[in-house]
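According to our numbering, the sequence shown is numbered sequentially starting from 56.
Virtual Cβ for every residue (Gly too), placed ideally from N, Cα, C.
This one's a predicted model, so the numbers in the text were calculated from it and none came from an experiment.
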Amino acid sequence: MKKIILSCLLTSLIGVSEPFIVKSSINDNFLFIKQEQVISKNAKKSFNPTAPSFTKNINWNDDIDVETGGTWGGDYTQKVESSYYYVNILDYASSWNDFKNKYKQIKIDFEGYVAHNQAATANYNAYHYINLNEISGIAKTEQIFNHYQGYTQNEEWGWANVRYQLENNDCIKIDFLVYARAKNGWNSSNTWAKTWLKVNELIFNTSFSFNDMKSNLTRELNKEFSYYSNIDNNPQSSHNWNQIKTQVDNKIKKALNDNNDTQGWIEFLNPNYQLEKSNNGYFIKIIINIDNYQSGKYETWEFKTPLNFDSDYNIVNAKNRIENELKQTIIYQSDTSTNILDESNWNAIKTILDNKIFSVLGKKGNIMEWKKLINPNYALITESNNYYLKTSFNIFNYLTEQWENWVFKTKLNFSLSAKYWKSKLQERILITPGKISDENGVAMINDIEEVINNGEGKENKYN
Numbered sequence: 056m057k058k059i060i061l062s063c064l065l066t067s068l069i070g071v072s073e074p075f076i077v078k079s080s081i082n083d084n085f086l087f088i089k090q091e092q093v094i095s096k097n098a099k100k101s102f103n104p105t106a107p108s109f110t111k112n113i114n115w116n117d118d119i120d121v122e123t124g125g126t127w128g129g130d131y132t133q134k135v136e137s138s139y140y141y142v143n144i145l146d147y148a149s150s151w152n153d154f155k156n157k158y159k160q161i162k163i164d165f166e167g168y169v170a171h172n173q174a175a176t177a178n179y180n181a182y183h184y185i186n187l188n189e190i191s192g193i194a195k196t197e198q199i200f201n202h203y204q205g206y207t208q209n210e211e212w213g214w215a216n217v218r219y220q221l222e223n224n225d226c227i228k229i230d231f232l233v234y235a236r237a238k239n240g241w242n243s244s245n246t247w248a249k250t251w252l253k254v255n256e257l258i259f260n261t262s263f264s265f266n267d268m269k270s271n272l273t274r275e276l277n278k279e280f281s282y283y284s285n286i287d288n289n290p291q292s293s294h295n296w297n298q299i300k301t302q303v304d305n306k307i308k309k310a311l312n313d314n315n316d317t318q319g320w321i322e323f324l325n326p327n328y329q330l331e332k333s334n335n336g337y338f339i340k341i342i343i344n345i346d347n348y349q350s351g352k353y354e355t356w357e358f359k360t361p362l363n364f365d366s367d368y369n370i371v372n373a374k375n376r377i378e379n380e381l382k383q384t385i386i387y388q389s390d391t392s393t394n395i396l397d398e399s400n401w402n403a404i405k406t407i408l409d410n411k412i413f414s415v416l417g418k419k420g421n422i423m424e425w426k427k428l429i430n431p432n433y434a435l436i437t438e439s440n441n442y443y444l445k446t447s448f449n450i451f452n453y454l455t456e457q458w459e460n461w462v463f464k465t466k467l468n469f470s471l472s473a474k475y476w477k478s479k480l481q482e483r484i485l486i487t488p489g490k491i492s493d494e495n496g497v498a499m500i501n502d503i504e505e506v507i508n509n510g511e512g513k514e515n516k517y518n
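See the structure below:
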């Protein structure tokens with residue numbers, strides 16, 4: 056038999072937005088005879104992260120039925136008819152794994168019957184369940200119902216199957232097949248079987264629990280968090296408050312296992328934050344209004360998160376502190392080079408400047424907060440035969456909401472160290488035993504005693 060392969064990739068080219076349903080009849084060969092709806096997947100930009108159970112109504116124009124009769128003295132006669140249905144998982148989740156985490160099973164609401172020539176009709180009105188963990192890229196088949204009738208040498212069957220498969224990691228194909236088979240092995244009677252199936256709904260049952268969600272939020276939001284401000288000592292100033300709210304947002308995403316904001320929890324929950332004073336400092340009051348479809352109530356959840364707010368200095372006096380520090384002359388002795396801009400010298404001088412700037416700003420390990428605001432540039436300048444270090448950087452003043460350019464000048468006293476001279480003298484001077492330098496310090500001469508007779512007696516004189 057040839058199989059029709061029609062994937063979600065095809066549906067994505069159609070450009071409409073309902074599920075994809077196709078009905079076909081199969082007899083020896085799979086023959087595509089009817090397309091009732093051609094529906095594309097519609098990957099939404101957002102979805103409900105609480106994953107409510109959802110229902111897909113099956114709107115086939117005709118139910119699935121198949122009938123066949125047996126031929127006397129012949130082999131089995133069998134007919135098959137099928138219809139299949141696509142569900143786009145990106146309408147409900149960010150990925151296949153996300154979908155499996157949110158939904159546990161597909162509940163198939165169906166009715167059907169198998170009719171025979173000489174037996175009562177077998178009627179079915181029930182549910183069939185598919186565990187989502189059983190769905191993969193390999194097609195699997197399960198039987199929904201079946202009935203067999205055999206008498207003398209005549210046999211009649213009717214049954215219905217469901218076949219399911221994941222396609223392209225973003226669509227579930229659910230294929231319903233009905234079968235009728237008959238064999239006439241006794242010439243005194245006719246044999247026939249008819250199978251009928253009507254699928255009413257596909258119900259995707261959620262795994263989500265509002266109670267678990269609330270417990271996870273409570274556990275995380277009860278934990279204290281710290282915020283250090285290098286702007287001012289007011290937690291409600293514009294910059295501080297925005298940063299504090301961002302940290303609470305991150306705690307909510309962490310509690311709901313959504314650090315990368317794949318589910319869009321913050322947008323969905325739209326939490327309200329309020330700063331309140333406590334005996335020991337501050338806490339953030341978090342209010343979430345939510346439609347709990349599992350309890351059937353619109354609920355208000357409240358949480359209180361302790362806030363440890365700390366501020367060293369505000370940005371107003373930070374400039375004065377830096378300026379006062381950089382007014383002090385830097386004394387630097389080089390062990391390696393006479394060139395200030397030599398790599399080793401310049402890196403060491405920049406490190407000294409860094410340390411001077413951030414030492415007056417940060418405390419309690421909060422230097423990194425200032426480094427997020429300040430990225431100094433350093434340059435060497437010369438004035439009146441003196442060396443100066445120019446420090447400049449742009450900084451955003453969150454109080455005035457304007458960029459400012461801060462420039463400072465530091466005098467540099469640069470010299471060469473004893474270690475440098477020792478190293479260079481050892482490289483350049485070779486002293487031979489019995490030799491000394493002449494009186495001009497240019498040549499090496501023998502070390503001899505020179506006698507000067509000027510009436511003052513004998514004197515030892517050495518060059």
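Worksheet item: Can you list the beta strand (DSSP E) stretches of 3 or more residues lying completely in the segment 113-176, in chain order?
Response: The beta strand (DSSP E) runs lying completely inside the segment 113-176 and spanning 3 residues or more are 119-124, 132-143 and 158-171, given in chain order.
Fill in: Selection from Asn143, Pro104 and Gln388 that minimises the alpha carbon distance to Lys228
Checked all of Asn143, Pro104 and Gln388; the closest Cα to Lys228 is Asn143.
Discussion item. Is it buried or exposed, Trp251, if we count other Cβ atoms within 10 angstroms and call 16 or more buried?
Written reply: Counting C-beta atoms within 10 angstroms of its own C-beta, Trp251 has 16 or more neighbours from the protein chains shown and is therefore classed as buried.
Worksheet item: Do the segment 378-393 and the segment 461-472 meet, that is, are 3 or more Cβ pairs less than 8 angstroms apart?
Response: Yes, the segment 378-393 touches the segment 461-472.
Item to complete: Grab me the residues of Tyr131's own chain with a C-beta within less than 6 angstroms of its C-beta, minus the 5 sequence neighbours each way, in chain order.
Response: Closer than 6 angstroms at the Cβ level, and outside the excluded window around Tyr131, lie Arg236 and Lys238.
Practice prompt. For Ile500, count neighbouring Cβ atoms within 10 angstroms of its own Cβ and tell me buried if that reaches 16, exposed if not.
Written response: Classification of Ile500: exposed, given that the 10 Å Cβ count is below 16.
Item to complete: For the alpha helix (DSSP H) holding Leu324, just list the boundary residues, first then last.
Response: For Leu324, the enclosing alpha helix (DSSP H) stretches over residues Trp320 to Leu324.
Worksheet item: Counting along the chain, where does the beta strand (DSSP E) carrying Ala194 start and finish?
Response: DSSP places Ala194 in no beta strand (DSSP E); its state is neither H nor E.
Worksheet item: Do Phe263 and Lys155 have their CB atoms nearer than 8 angstroms?
Response: Cβ atoms of Phe263 and Lys155: not closer than 8 angstroms.
Worksheet item: Who pairs with Lys382 in a beta bridge, going by DSSP?
Response: Answer is none; Lys382 lacks a bridge partner.
Fill in: Alpha carbon of Gln90 to alpha carbon of Leu232, nearest angstrom
Note that Gln90 scores a pLDDT of 28, beneath 50, so its modelled location is shaky; the value from the coordinates is reported in the next line. For Gln90 and Leu232, the distance between alpha carbons rounds to 16 angstroms.
Discussion item. Tell me which residues share the same chain as Glu357 and place their Cβ nearer than 6 angstroms to its Cβ, disregarding the 5 neighbours each side in the sequence.
Written reply: Only Ile342 meet the Cβ criterion.
Fill in: Start-to-end residues for the alpha helix (DSSP H) that takes in Ile412
Taken as a continuous stretch (DSSP letters only), the alpha helix (DSSP H) holding Ile412 covers Glu398 to Ser414.
Worksheet entry | Cross-strand partners of Leu435 (DSSP beta bridge) | The beta-bridge partner set that DSSP reports for Leu435 consists of Leu444.
Worksheet item: Which value, in whole angstroms, describes the spacing of the CA atoms of Asn178 and Ile119?
Response: Take the alpha-carbon of Asn178 and the one of Ile119: they are about 15 angstroms apart.
Discussion item. Please return the same chain residues whose Cβ sits closer than 8 angstroms to the Cβ of Tyr234, not counting the five positions on each side in sequence.
Written reply: Cβ neighbours of Tyr234 beyond the five flanking positions: Val121, Gln133, Lys134, Val135, Trp212, Gly213, Trp214, Ala215, Asn216 and Thr250.
Worksheet item: Would a C-beta distance cut-off of 8 angstroms place Leu221 and Ile190 closer than the cut-off?
Response: Going by C-beta atoms, Leu221 is nearer than 8 angstroms to Ile190.
Worksheet item: Three-state secondary structure (DSSP) at Ala373?
Response: Helix.
Discussion item. My parser needs the beta strand (DSSP E) runs of 3 or more residues fully inside the segment 261-291; what are they?
Written reply: Within the segment 261-291, the complete beta strand (DSSP E) segments at least 3 residues long are 280-284, listed from N- to C-terminus.
Discussion item. Please tell me whether Asn114 has its Cβ less than 8 angstroms away from any Cβ of chain B.
Written reply: Looking at the structure shown, chain B is missing, and only one protein chain is on hand.
Fill in: Local Cβ density within 10 Å of Ile193, reported as buried at 16 or more and exposed below that
With fewer than 16 Cβ atoms within 10 Å of its Cβ, Ile193 is classed as exposed.
Worksheet item: How many Å lie between Lys477 and Ala403 at the Cα?
Response: The C-alpha of Ala403 is placed about 21 angstroms away from the C-alpha of Lys477.
Worksheet entry | Sheet register partners of Val254 (DSSP bridge) | Answer is Phe165, bridged to Val254.
Worksheet item: Which of helix, strand or coil does DSSP assign to Asp304?
Response: Of the three classes helix, strand and coil, the one that applies to Asp304 here is helix, per DSSP.
Worksheet item: Span of the alpha helix (DSSP H) holding Glu456?
Response: Note, Glu456: premise wrong, no alpha helix (DSSP H); not H, not E.
Worksheet item: Straight-line CA distance for Ser40 to Tyr140?
Response: The structure shown does not extend to residue 40, since the chain spans only 56 to 518, so no value can be given for it.
Worksheet entry | Three-state secondary structure (DSSP) of Ile500 | Reduced to three states, the DSSP call for Ile500 is strand.
Worksheet item: In whole angstroms, what separates the C-alpha of Ser414 from that of Phe364?
Response: So the two alpha carbons sit approximately 21 angstroms from each other.
Worksheet item: So the alpha helix (DSSP H) Ile422 belongs to, where does it begin and stop?
Response: Counted as a single uninterrupted DSSP element, the alpha helix (DSSP H) harbouring Ile422 occupies residues Ile422 to Leu428.
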